[in-house]
Amino acid sequence: MTKTTRAYTNIALIKYWGKKDTKLKIPYTNSLSLTLDKFYTDTKTEIIDKDSDEIHLNGKLLNDNESKRITNYLDFIRKNYGFSEHLSVKSINHVPTSAGFASSASGFAALAASINQTMNLNLDNKHLSILARNGSGSASRSIYGGFVEWIAGDNNKNSYAIPIEEHPNIDLSLLSVVISQDMKKVSSTSGMEISVKTSPFYSNWVTLVSSEINEIKQAIAKKDVEKIGELSEHNAMSMHALTLSANPSFTYFAPETLVVVQLIKELRSKGIFAYATIDAGPNVKVICTKESAPIVQKYIKNNLPTVTTVVANIGNGIQYI
Ligand code: PMV
Numbered sequence: 001m002t003k004t005t006r007a008y009t010n011i012a013l014i015k016y017w018g019k020k021d022t023k024l025k026i027p028y029t030n031s032l033s034l035t036l037d038k039f040y041t042d043t044k045t046e047i048i049d050k051d052s053d054e055i056h057l058n059g060k061l062l063n064d065n066e067s068k069r070i071t072n073y074l075d076f077i078r079k080n081y082g083f084s085e086h087l088s089v090k091s092i093n094h095v096p097t098s099a100g101f102a103s104s105a106s107g108f109a110a111l112a113a114s115i116n117q118t119m120n121l122n123l124d125n126k127h128l129s130i131l132a133r134n135g136s137g138s139a140s141r142s143i144y145g146g147f148v149e150w151i152a153g154d155n156n157k158n159s160y161a162i163p164i165e166e167h168p169n170i171d172l173s174l175l176s177v178v179i180s181q182d183m184k185k186v187s188s189t190s191g192m193e194i195s196v197k198t199s200p201f202y203s204n205w206v207t208l209v210s211s212e213i214n215e216i217k218q219a220i221a222k223k224d225v226e227k228i229g230e231l232s233e234h235n236a237m238s239m240h241a242l243t244l245s246a247n248p249s250f251t252y253f254a255p256e257t258l259v260v261v262q263l264i265k266e267l268r269s270k271g272i273f274a275y276a277t278i279d280a281g282p283n284v285k286v287i288c289t290k291e292s293a294p295i296v297q298k299y300i301k302n303n304l305p306t307v308t309t310v311v312a313n314i315g316n317g318i319q320y321i
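Take the sequence shown: its letter number 57 is residue 57 in my numbering, and every next letter is one higher.
Now the structure itself:
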């Protein structure tokens with residue numbers, strides 16, 4: 001009997017922003033993330049004797065339109081991994097939108113690992129990461145726990161994630177500050193495309209990421225949490241500078257996003273450990289220590305009572321349960 005596969009979400013500290021191959025999701029740069037506990041997707045796949053796939057999400061059977069992204073992905077896998085059977089996919093997302101995370105990273109990592117099992121593809125983690133990347137770029141990193149680097153590569157075979165430190169003994173927590181649960185107006189795919197094509201700073205971003213990746217790996221090796229925080233915040237702000245400098249310009253920030261960033265700076269000036277990182281949406285993820293997380297949480301809630309907050313810690317790679 002096939003087991004349920006579980007994959008956890010991850011937060012990029014050095015971000016992926018821009019694809020050199022849109023179809024295969026090959027990025028321009030490496031990226032580096034931290035896998036989180038708490039937020040995960042559980043997926044079970046089974047072969048069905050039907051001429052189309054059946055996709056269930058959170059107990060609901062999706063219609064053709066809703067399941068298109070998944071069925072396209074399954075078509076891609078059938079074509080490239082040499083099987084023709086249709087599948088029933090049952091996924092439960094334990095990544096509440098109220099936690100401010102996208103579920104595509106954990107979702108596609110869990111699906112890739114589940115298909116690997118059900119179809120006996122015998123993929124090792126490297127090849128599983130490649131398979132997950134074909135679903136969603138950031139999913140390539142959710143195969144592993146802890147600190148993970150996605151090596152950009154330049155073709156489908158050499159673009160995959162590797163573990164840097166799967167079970168780091170380091171004092172880091174992540175506080176998610178949820179400003180809005182609305183769907184983003186600019187998808188990460190189109191946001192990346194317009195940034196690459198029109199931001200005059202895109203080539204500088206590529207240069208910056210290659211040095212920040214090296215620096216953060218050194219900081220991880222030394223357990224230098226201050227340096228990890230500094231680099232992560234700087235990298236996130238640089239990514240968002242690409243959206244502001246695109247033509248036409250756009251931003252994922254809401255007014256409250258900047259308020260939270262300001263509050264984090266105030267806390268830092270008082271000696272509290274807190275650094276901001278922001279993905280393709282208005283919500284802020286605060287890099288904290290175990291000690292600072294509740295202090296930061298309270299300070300932000302006091303100043304912005306409308307936001308919701310949730311603390312996550314470092315999580316594991318793919319699990320079979
Ligand atoms: O994998 P996607 O298409 O959801 O893109 C992820 C983009 C960022 O979250 C902003 C950065 C990253 O590296 O995860």
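Quick reminder that beta carbons are idealized off the backbone N, C-alpha and C, glycines included.
Can we count residue i as close to ligand 1, meaning its CB is less than 6 Å from some heavy atom?
i, result
"Asp-279", "yes"
"Ala-12", "yes"
"Ser-136", "yes"
"Tyr-16", "yes"
"Ser-31", "yes"
"Ser-190", "no"
"Ser-173", "no"
"Ser-249", "no"
"Ser-199", "no"
"Ser-104", "yes"
Let me confirm a value: residue i is counted as buried when at least 16 other C-beta atoms fall within 10 Å, else exposed. Which label applies?
i, result
"Ile-115", "buried"
"Ala-255", "What sits at residue 255 in the sequence shown is Pro, not Ala. Exposed."
"Met-239", "buried"
"Pro-200", "exposed"
"Gly-145", "buried"
"Asn-204", "exposed"
"Leu-258", "exposed"
"Gly-281", "buried"
"Thr-309", "buried"
"Gly-59", "exposed"
"Ser-91", "buried"
"Ile-176", "What sits at residue 176 in the sequence shown is Ser, not Ile. Classification for Ser-176: buried."
"Glu-212", "buried"
"Met-183", "exposed"
"Ala-47", "It is Ile, not Ala, that sits at residue 47 in the sequence shown. Classification for Ile-47: exposed."
"Leu-61", "exposed"
Give a yes or no on whether the C-beta atoms belonging to residue i and residue j are separated by under 7 Å.
i, j, result
"Ile-278", "Val-284", "yes"
"Tyr-40", "Arg-6", "yes"
"Ala-276", "Glu-233", "yes"
"Tyr-16", "Gly-137", "yes"
"Ile-26", "Lys-20", "yes"
"Trp-150", "Ser-140", "yes"
"Ala-221", "Lys-227", "no"
"Leu-128", "Ala-105", "no"
"Thr-45", "Val-89", "yes"
"Phe-101", "Thr-9", "yes"
"Leu-263", "Ile-300", "yes"
"Ser-173", "Asn-313", "yes"
"Ser-195", "Leu-244", "no"
"Leu-36", "Gly-315", "yes"
"Gly-18", "Met-237", "no"
"Leu-87", "Ile-216", "no"
"Asn-30", "Ala-152", "yes"
"Ile-179", "Val-307", "yes"
"Asn-120", "Leu-24", "no"
"Thr-118", "Thr-2", "yes"
Is residue i near ligand 3, in the sense that its beta carbon is under 6 Å from a heavy atom of that ligand?
i, result
"Glu-233", "You won't find ligand 3 in this model; what it holds is ligand 1."
In chain order, each alpha helix (DSSP H) run of at least 4 residues that lies wholly inside the region 258-311: Those alpha helix (DSSP H) runs which fall completely within the region 258-311 and span 4+ residues are 292-303.
Any alpha helix (DSSP H) of 4 or more consecutive residues that is wholly inside the region 98-154: Fully contained in the region 98-154 are the following alpha helix (DSSP H) runs of length 4 or more, in chain order: 104-118, 125-133.
3 or more residues per run - each beta strand (DSSP E) lying fully within the region 174-262: None, since the region 174-262 contains no complete beta strand (DSSP E) of that length.
Within the region 41-86, ranges of the alpha helix (DSSP H) (whole runs, at least 4 residues): With a minimum length of 4 residues, the continuous alpha helix (DSSP H) runs that stay inside the region 41-86 are 64-81.
Inter-stretch contact at 8 Å, needing at least 3 Cβ pairs: the region 69-79 / the region 47-55: Yes: the two stretches touch, three or more of their Cβ pairs being nearer than 8 Å.
Validate contact between the region 243-253 and the region 290-297 using beta carbons, cut 8 Å, 3 pairs: Taking a cut-off of 8 Å for Cβ pairs, the region 243-253 and the region 290-297 do not touch, as fewer than three such pairs fall below it.
Stretch pair the region 158-167 + the region 77-84: three plus CB contacts closer than 8 Å: No, because fewer than three Cβ pairs between the region 158-167 and the region 77-84 fall closer than 8 Å, the two stretches do not touch.
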